[in-house]
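Read the structure below first, then the notes.
Number of protein chains: 2
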Amino acid sequence: MSVAASVENTSQRGGPLSKRLLRAFTDEPADRPPFWFLRQAGRYLPEYQRLRRGTPNFLSFCYTPELCIEAALQPLRRYGMDASILFSDILVIPDALGRSVRFVEGQGPVLEPLRDAGEIPTCDIARLDDRLAPVYAAVSGLAKAIPGDTALIGFAGAPWTLALYMVEGQGGTAGERARSWAWREPASFARLMSVLSDAVAHCLCRQIDHGAEAVQLFDSWAGLLPETQFRELVIAPTATIVRRLKAHAPNVPIIGFPRAAGVLYEAYVRETGIDAVGLDAGVPADWAASALKPGCTLQGNLDNILAVAGGAALESETLRILGTLGPDRFIFNLGHGVLPDTPPEHIGRIAEVVRNWSRP
Amino acid sequence: MSVAASVENTSQRGGPLSKRLLRAFTDEPADRPPFWFLRQAGRYLPEYQRLRRGTPNFLSFCYTPELCIEAALQPLRRYGMDASILFSDILVIPDALGRSVRFVEGQGPVLEPLRDAGEIPTCDIARLDDRLAPVYAAVSGLAKAIPGDTALIGFAGAPWTLALYMVEGQGGTAGERARSWAWREPASFARLMSVLSDAVAHCLCRQIDHGAEAVQLFDSWAGLLPETQFRELVIAPTATIVRRLKAHAPNVPIIGFPRAAGVLYEAYVRETGIDAVGLDAGVPADWAASALKPGCTLQGNLDNILAVAGGAALESETLRILGTLGPDRFIFNLGHGVLPDTPPEHIGRIAEVVRNWSRP
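Protein sequences, first through last, are from chains A and B. All you need for my numbering is the position in the first sequence, starting with 1, plus 299. All you need for my numbering is the position in the second sequence, starting with 1, plus 299.
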C-alpha cells in the first residue's frame with residue numbers, strides 16, 4: 300500500500316484530523332490531550348495472559364498477526380485510548396537480520412552476543428521483508444480493526460538500542476561491551492549502526508505502507524551514553540532515519556523516545572527532525588514545556604511505578620502533568636511501560652482523569 | 300578530635316589552601332584543576348587484589364583500618380592524585396543500623412530486604428559509633444599517612460540510595476518496591492528517610508572529626524526518581540544533612556553526587572546548599588558550565604568505560620572536559636567508578652594529561 304493510499308484510507312474513516320492523536324502534531328487547540336500508554340497491551344491484563352497461554356514462545360506470538368491484533372485490541376476495549384500501537388517487539392529486527400533472539404521467562408530477551416566486526420550482519424532487505432511479513436500483516440489487520448477515531452502507531456527500536464542488545468546479548472547492563480567497542484573501533488561500530496539504520500528505516504516505511512499513521516523510535520538505552528557518543532550513536536542515526544521516513548511519507552509524524560537522555564533531550568529534539576518526543580518520568584515537566592515544546596509535541600510522562608502504587612498521588616501527579624504539559628501539542632502517556640503487576644483499575648483511573656480533564 | 304583540631308592539623312601540614320583540591324572550593328584561580336577518581340582504590344590494581352586475597356569478606360575488610368588505609372594509599376603511590384578518599388562502602392551504615400549486608404562475588408551487595416514499616420530500624424547513635432569505630436579509625440590513620448598536599452575526602456551513601464538498597468535488597472533494579480512504598484505510604488517512608496538522614500549526618504560529622512577535609516554524599520540511584528520524588532527523597536534529605544554538617548563544621552566542603560539526575564541536577568545544586576556536585580558522564584559539559592557552575596564547584600565527568608577502552612578518544616575527551624569545565628572551581632574525575640577491567644596504564648595516562656594541562 301502506498302503512502303497516498305494509506306492517507307486516503309484514514310481519510311475515508313474521517314480524515315487524519317478527526318483523530319485526536321494526530322491533531323496533537325498540529326497547532327490546532329485541543330480541549331484535552333490524547334492519551335495512550337507505553338506497553339498498554341500486555342501481562343497486566345488477564346485477557347492477555349489467557350491469550351499468551353496458547354503461544355508461550357514470545358517471538359512466535361509476535362510473528363502471528365491474529366494474536367498481535369487481538370493483544371493490541373484488548374486495552375482499547377477496556378480504556379478506549381486515542382491510539383493503538385502495533386503489538387510486537389523491538390528485537391524482531393535483530394532476529395530478522397539473522398541474530399539469534401530468545402525470550403527467557405523472568406529474565407527478558409537473550410541474544411547470542413555479537414563479538415566482533417566479522418559478525419556484523421548485512422542488511423538483506425528481501426530477507427528482512429520475508430521475515431517481517433507477519434509484522435506488516437499485523438499492522439494492516441490492526442489498521443482495519445481499530446475504531447475510526449483511534450490512530451495506529453507503528454514502532455521500531457532505534458539503532459543504538461538494538462546494537463546494545465546485539466553486542467551485550469541482553470539489556471539492563473551498563474553497556475560496557477557495546478560502548479567500549481564504539482570507543483575503540485569507531486569505524487566497525489559505525490558499520491553496525493549503518494546496517495541497523497537501514498533496517499529500521501525500511502521496516503518503519505513498510506509499517507507506514509501497511510497503515511501506521513505515526514511511528515515511534517524506541518531508544519531505551521540512550522541514557523547510558525555520554526554526550527560525544529550520544530551525538531554519534533543516538534542523534535546522528537535518528538536524524539538519518541527521520542530524513543528517510545520524511546522522504547517516503549512526509550506527513551506521518553515520528554515520535555522519538557531517547558529514554559533517560561536528561562539534558563541531552565534538548566539536543567535530540569533540536570537536531571534530529573523528529574515531530575514529537577517521549578519523556579521518561581525523570582524529565583521535569585516545567586523544563587520540558589519551556590525547553591522542548593516550541594515546535595515539538597511532547598509525550599509522557601507519568602511514573603509507571605505510580606501506576607502500580609495507585610492512591611491519591613496517582614490522581615494528583617496525573618493532574619500536575621496535564622496542567623504543565625497539556626493540552627496543545629501534548630500526548631499523555633507513562634514515562635515507561637506499564638508494569639506486569641499494575642492493577643488494571645489504576646490504568647482505568649488514569650484514563651478517566653485524562654478524559655475528564657479540560658483546558659483550565 | 301574536634302573540627303578546630305582537625306583544621307589545625309591540616310594547617311600544620313601546610314594549611315588547607317596549600318591543597319589543590321581544597322582550593323577548588325574557593326575563587327582562587329587555578330593553573331590546572333585537581334583530580335582524583337571515583338573508586339580509585341580497587342580491583343583494577345593488582346596490589347589491591349593481593350591485599351584482598353587475605354580478607355575475602357569485603358565487610359570485614361572495610362572494618363579493618365590498616366587494610367582500608369593501605370588500599371586507599373595504593374593509587375596515590377602510582378598516580379599522585381590530589382585527593383585520597385576513605386576506603387569503605389556506603390552499606391556500612393545499613394549494616395551498622397542492624398540490617399544484614401553481605402557482598403556476593405560477581406553479584407554485588409545483598410541485603411535482607413526491609414519489608415514494611417515495622418522493620419524500620421531506629422538510629423541508635425551509640426551502636427552506630429560502636430560499629431563504625433573502625434571506619435573512623437581508618438579516617439584518622441589515612442589523614443596521618445597521606446602526603447601533605449593531598450586532601451582527605453570522607454563519604455557516605457545518601458539516604459535515598461541507602462533506602463533503595465535496604466528495601467530492594469540489592470542495587471541495579473528500577474527501585475519498584477522502594478518507590479512504590481514511597482508513593483503508597485509516604486509517612487512511613489519518611490520515617491525511614493529520617494533515620495537514614497540522622498545516621499548519615501552523624502557518620503559524616505564523625506569522619507570530619509577524625510580528619511576528613513571534605514565529604515561526598517553518594518546518591519547513586521537518584522536518577523530513578525521522577526521530579527516529585529526527587530524533591531522529597533533526594534533534595535530535601537540532602538539539604539537537611541548539609542545544614543547539620545555546616546552547623547558542625549562550616550568550612551568543610553560537601554560534594555553531592557546525585558547520579559543520573561539529568562535536568563534535575565540544576566534544582567539539586569540550587570536547593571541543597573552543597574558546595575560541589577559530581578557529574579555523571581551523561582551530563583553535557585557545556586550545559587553544566589553554564590547552568591550549574593556559578594557558585595558551585597563541579598566534579599567529573601569522563602566516561603569510565605572510555606577509561607577501559609583507551610585509545611585516542613581517551614585523551615581527546617579528557618581535554619574536551621578540561622577545556623569546558625576547568626580550571627577554576629573544577630575537580631577532574633570520572634563520571635562513575637573505575638571499572639575492574641580498567642588497564643592501570645589508562646588511569647596513568649589520564650593523570651598525565653590532567654597534570655600537564657594548563658589554562659589556555
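By construction, the Cβ of each residue, glycine as well, lies at the ideal position given by its N, Cα and C atoms.
Counting along the chain, the unbroken alpha helix (DSSP H) around B:THR617 starts and ends at 611 to 624.
With contacts defined by Cβ atoms closer than 8 Å, B:ALA425 and B:PRO374 do not form a contacting pair. If you check the CB distance, A:ALA575 and A:TYR567 do not come in under 8 Å. With the criterion set as a beta carbon lying under 9 Å from some beta carbon of chain A, the members of the stretch 522 to 536 of chain B are GLY522, LEU523, LEU524, PRO525, GLU526, THR527, GLN528 and PHE529, in sequence order. Neighbours of B:PRO583 in chain A, taken as residues at a C-beta separation under 8 Å, are given in chain order as GLU526, VAL562, LEU563 and ALA566. For B:SER479, the nearest beta carbon of chain A is closer than 8 Å to its own beta carbon. Taking a Cβ-Cβ cut-off of 8 Å, the neighbours of A:VAL607 in chain B comprise GLU475 and SER479, given in sequence order. Per the DSSP secondary-structure output, A:PHE334 pairs in a beta bridge with A:PHE631.
With a cutoff of 8 Å on beta-carbon distance, B:PHE529 and B:LEU495 are scored as not near each other.
Under the Cβ distance rule, B:LEU638 counts among the residues neighbouring chain A, one pair being separated by less than 8 Å.
For A:GLY634, the neighbours in chain B by C-beta distance under 8 Å run, in chain order, PRO525. Collapsing the DSSP output to three states places B:PRO408 in a strand. Judged by pairs of C-beta atoms under 8 Å, the stretch 450 to 458 of chain A touches the stretch 508 to 518 of chain A, as three or more such pairs exist. Under DSSP, A:SER383 shares a beta bridge with A:LEU451. Fewer than three beta-carbon pairs drawn from the stretch 391 to 401 of chain A and the stretch 623 to 642 of chain A are found closer than 8 Å, and the two stretches are therefore not classed as touching. Of B:ASN603, B:GLY610, B:ILE620 and B:LEU613, the smallest CA-CA separation from B:LEU597 is found for B:ILE620. Within its own chain, the residues whose Cβ lies closer than 7 Å to the Cβ of A:SER399, once the five positions on either side in sequence are excluded, are LEU410 and GLU411, listed in chain order. Three or more beta-carbon pairs separated by less than 8 Å link the stretch 337 to 357 of chain B to the stretch 373 to 387 of chain B, which places the two stretches in contact. Within the model, the alpha-carbon separation for A:TRP520 versus A:PRO458 is close to 10 Å. Of the candidates B:SER359, B:VAL607 and B:ARG414, the residue whose Cα lies closest to the Cα of B:ASP388 is B:SER359. The shortest CA-to-CA distance from A:GLY405 to any of A:LYS318, A:LEU321, A:PHE357 and A:GLU614 is the one to A:PHE357. Residues of the stretch 478 to 501 of chain A with a Cβ closer than 7 Å to any Cβ of chain B, in chain order: ARG478, SER479, TRP482 and ARG483.
Chain A places a beta carbon closer than 8 Å to that of B:ASP602, counting this residue as a contact.
Beta-bridge partners of A:PRO557 (DSSP): A:ASP518.
Minimum Cα-Cα distance from A:SER615 among the listed residues A:ASP602, A:ASP627 and A:ALA588 corresponds to A:ASP602.
Spanning the alpha carbons of A:GLY468 and A:TYR362 requires a straight line of approximately 21 Å. Just measuring C-alpha positions, the residue of B:LEU544, B:LYS318, B:ALA477 and B:THR539 sitting nearest B:PRO446 is B:LYS318.
By the CB criterion at 8 Å, B:ALA371 and B:TYR347 fall outside the cutoff. By the C-beta criterion, the stretch 476 to 488 of chain A is judged not to be in contact with the stretch 430 to 438 of chain A, since fewer than 3 inter-stretch pairs fall below 8 Å.
Apart from sequence neighbours up to five positions away, the residues of its chain that approach B:LEU624 with a beta-carbon distance below 7 Å are ALA584, ALA587, ALA588 and LEU597, ordered along the chain.
With respect to A:ILE573, A:GLY555 sits close: the two C-beta atoms are nearer than 8 Å. Within chain B, the residues VAL562 have their CB atoms less than 7 Å from the CB of A:TRP586, given in chain order. B:THR617 sits close to B:VAL652, with the two beta carbons spaced by under 8 Å. Taking 8 Å as the upper bound on Cβ-Cβ separation, chain B lies near no residue of the stretch 422 to 449 of chain A. Listed in chain order, the alpha helix (DSSP H) runs fully inside the stretch 568 to 617 of chain B are 584 to 590 and 603 to 608, counting runs of at least 4 residues.
At a beta-carbon threshold of 7 Å, the residues of chain A lying near B:ALA580 are PRO525, ordered along the chain.
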